[in-house]
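Chains as they are written, first to last, in my numbering: chain A, 1 to 580; chain B, 1001 to 1580.
No residue lacks a Cβ here, since even glycine has one placed at the ideal position from N, Cα and C.
Working notes, beginning with the structure itself.
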């Protein structure tokens, strides 16, 4: 109310004598009200300024994708309409393959057409880096990963505007199949996978794709084979369960040898599902090799993936078909379960993991809701041992043996999965039996993506005028073996001097002692000291995680270096650039 | 044979014409023989030199204890016999207490006699450091720890020769008991325990005693109390098992409320034994406090101990008295087991740990083969949760509740056992619910003893004349939560530049996934670069261990600092001196 109104109201209700006092009081109230208004205004201004900055930031990094897409499309269509029709240019796949960088222009092919997507890179709704993964390649396998493209006309319409020619399929050199090549029947692999070796296939997905979906698309799952992929007919496939010592069978541990037809396994046992992360024991070996070469594939950070598997519970199968359970295994002297693959792999796990009511070991025949396993991932049947190192998840399963000893061969009793101290750089003189083979894995975390640092967004510290800070963002995953949940992820942009705790996302709701799958994390406000940064500098975004047993990650790889290059779970660093 | 004899022999058996050739051959053989003899001689000399060095070393550190003891005793007896008998000198306990360093002379008392053991320190068979632990104190509690003293006349005879007087018990000030002191009935504690606080008792054993026996003597077990020790009559003690929500009971999770008399518990259930290590969540907090003060007792490395416990299996008790087992707990909505102590402590564990066939949770009534628990350690009944943090092993057990939620109060839902990131140095604004409380502990290792470096034993490197090295030795223990066995211990004397793998001793034969107790380790040939060392220098002996899940320890405490000072499992350092 206005002052006059207030006076009228006051006269009506107060004694005239107290008017002066009232007026003073009223004036104070008015002043207070004005102050509040002023404060509100300031807050609104501040909020607007924040919004403006946020919008600026969005403009730079997260602009409305659909509108960007539409604007770009309309501009291109206009440009195309203005030009006279030309004769179709013809290219070979080789021509396309040679255009795989921005310098050389980025081409892709799709259903016999060739497109130059260079000018579209920055407008790609999924980001330029994602589109660059397909540079020089056919784009179809990438589109298959993301239903957004396949189910929408927009992507196809967009692509049309970028067409520069067609594939001349007649000119394609015929691929000669070498009939003597044992790998000739291996399945095709997704072009996004980084190939460490093709024969046998050892391939990992790029980090940017790995962090996009909680369940890794089956086509992107890291491939770790030891031999050609076996050719098996799932309709007639059988597995046997036997008992005995190494190289002997039927030493009376079991009442009988069981032969189980896969189709019966599916029908006779409840289908159980487990969402589990698989990780190769050599994941991040490349980081150890930088110190001193270890032996094995020099994996990056991508020898890890997650899927939803379905199958029969091993525990149930052992009970029904072999009569083995928690009540009799000790008396029978059974200590290990050895799995044999059709590729001649064999690996064992302790019987306690197989029989534990909390072990969740599966004989899996489905992956990611597809009713059969991909050939690279064990079709028609593989073992899933949640929380244990990848190698225990034997693919193309043909036989299960209950045994008093662990599997012979390199993967259990041999050196392949045994970690020695950093002082041992040669197998000579090493007592291999003295160290147990890997089963459960230690805690691991990786920065999969981090935003470049924009100096234009830096602000001056309120406390210290000379200090300028800027925020950046990062995303990644963390996982620990043995079902130990991730309870915290810390991120640092100053080499570990200070840490900020990230937000745990998908996977953070898993049970604390049965968290078989990874946990995604992200941080939006990672503080970077920009005081002395200049464009072109690089900074490292570091991550370390803590699991439900409060295990931490070691700082440096030096102290955990081992000659087999196993278990590199030192703090992971992701390098980002400093921009203007 | 001599050359002449050889010639005669040759003439008798060879044609004369080949004599010259024979002689040359023979000469060569002789030379070879001489060379061999020379080599043998050199080897013998080398061996003798080695032996001499070894003896010198033994003389310094490990001399034959019995003979040392005898020689010293005889010398003292001789000296005593030569002196005229004197009047007995009288001292107070305070006089003895004031003689607690070598500078002030080291006195001890035993059964009303006072002894000056200063000159005996270096002859003490257990080492001078061990005897120094009793400096200024009554020696009886120390002798009780080691049967060698109590059962042998030698120790007593030895002590007699060191007598300097007697205790004047009449002069002792009367200890006034403050009847209002709630702690007045607390038991006496062993004088070797380091007291962080007396009311309530928070005390830890010295490392040198901790590493002497695999099973920590009960009197030396670290004491971590929250209140006065309750007074309970074991003969009539009962525990109840109930179900319900927080602060409510009997919400139909159980058929009935069970009341179990302790004597019946002992009779009705098989006595099971578990050798388990207990560790306080704040063990080594002192190391974190050096960076920045955290909250809680500033423990050294001794808030950890190991014992053999015996009692009834919680799993069996829950099945028989509450009808709860692996088949029905999920349906009944039971997620946690809360234990209540008579001291008003309450703490819970996940139901899966309680019911797991591999969990080994005990309701323990015996410790180290003594038929009752010491009062400080839970008499008459405590919980033993192997592999979990100390606080879950609730003492003076009075009630068990089966519940859908974990215990309320500071020890589960509160902040006391929750680890936040190093960036949080205040509880303000902290989302306490966001981090799970500690249950299983991470991998830990400690150097308990290490020998000083003797420059006189340094040798020159064969490869590099300028480099001198010397060996030292160290001993310690390692343990990991969750039953994860210790599979390797690495030790470094150069700040982690290189590591040597130690020998695993007692405890190394535990099952890989049920290693509830610590593993002792030792190293005799830890290499020290002595090139630039001089007497008076100090060097650090570092240790880090690896568990069966290949978890490693973090390098520095900075990255794991947390405001509650929990889980300091950074590399442990033990400082040794460099001597001439």
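DSSP places residue 127/A in the coil class of the three-state scheme, outside both helix and strand.
In the structure shown, residue 47/A falls within a helical segment according to DSSP collapsed to helix, strand and coil. Sequence-distant Cβ neighbours of residue 1461/B in its own chain, meaning closer than 8 Å and more than five residues away, are 1467, 1468, 1469. Annotation: residue 1477/B is outside any alpha helix (DSSP H); the continuous beta strand (DSSP E) that includes it extends over 1468–1479.
Boundaries cannot be given for residue 426/A, as no beta strand (DSSP E) includes it and DSSP labels it neither H nor E.
Annotation for residue 1238/B: the continuous beta strand (DSSP E) segment containing it runs 1238–1243. The beta carbon of residue 1387/B lies closer than 7 Å to those of 1440, 1481, 1482, 1483, 1516 in the same chain, with the five residues before and after it left out.
It is roughly 6 Å from the alpha-carbon of residue 182/A to the alpha-carbon of residue 228/A.
Contact between residue 286/A and residue 566/A does not hold, since the beta-carbon distance rounds to 13 Å and is not under 8 Å. Within chain A, no C-beta atom comes less than 7 Å from the C-beta of residue 1471/B; the nearest is roughly 15 Å away.
Under the 10 Å beta carbon count, residue 1284/B is surrounded by 16 or more other beta carbons and is classified as buried. Short of 8 Å from the beta carbon of residue 425/A, and not among the five residues preceding or following it, lie these beta carbons of its own chain, in chain order: 292, 563.
In the same chain as residue 1456/B, and ignoring 5 residues on each side of it, the C-beta atoms closer than 7 Å to its own belong to 1580, in chain order. Residue 1110/B is bridged by DSSP to 1113/B. Within its own chain, the residues whose Cβ lies closer than 8 Å to the Cβ of residue 270/A, once the five positions on either side in sequence are excluded, are 312, 313, 316, listed in chain order.
The beta carbon of residue 449/A sits closer than 8 Å to those of 207, 208, 211, 474, 475, 476, 574, all from its chain and outside the five residues before and after it, given in chain order.
Distances from the alpha-carbon of residue 1165/B to those of 1205/B, 1399/B, 1241/B, 1088/B put 1088/B closest.
At a cut-off of 8 Å between beta carbons, residue 478/A makes no contact with chain B.
When DSSP states are grouped into helix, strand and coil, residue 483/A belongs to the helix group. When Cβ-Cβ separations below 8 Å define contact, residue 1110/B makes no contact with chain A. Scanning 233/A, 92/A, 189/A for the CA closest to the CA of residue 263/A turns up 233/A. For the pair residue 553/A and residue 544/A, the CB atoms are nearer than the 8 Å cut-off. Per the DSSP secondary-structure output, residue 1397/B pairs in a beta bridge with 1341/B. Residues of the region 496–526 of chain A with a Cβ closer than 7 Å to any Cβ of chain B, in chain order: 496, 498, 499, 500, 501, 512, 513. Residue pairing by DSSP places residue 1091/B opposite 1167/B in a beta bridge. Under the DSSP definition of a beta bridge, residue 1181/B lacks any partner. Judged by DSSP secondary structure, residue 266/A falls within the alpha helix (DSSP H) whose first and last residues are 262–268. Between residue 1555/B and chain A, the shortest Cβ-Cβ separation is below 8 Å.
Here residue 1450/B carries a strand assignment [DSSP, helix/strand/coil]. With respect to residue 1529/B, residue 1556/B sits apart: the two C-beta atoms are not nearer than 8 Å.
In the DSSP assignment, residue 318/A falls outside any beta strand (DSSP E) and lies within the alpha helix (DSSP H) extending over 314–322.
Just measuring C-alpha positions, the residue of 235/A, 533/A, 110/A sitting nearest residue 156/A is 110/A. Between the C-alpha atoms of residue 1491/B and residue 1526/B there is a straight-line separation of about 8 Å. Linking residue 1039/B to residue 1471/B through their CA atoms gives a straight-line distance of about 27 Å. Residue-level contact by beta carbon fails for residue 386/A and chain B, as no gap is shorter than 8 Å. Look at residue 315/A: its C-beta is not under 8 Å from any C-beta on chain B.
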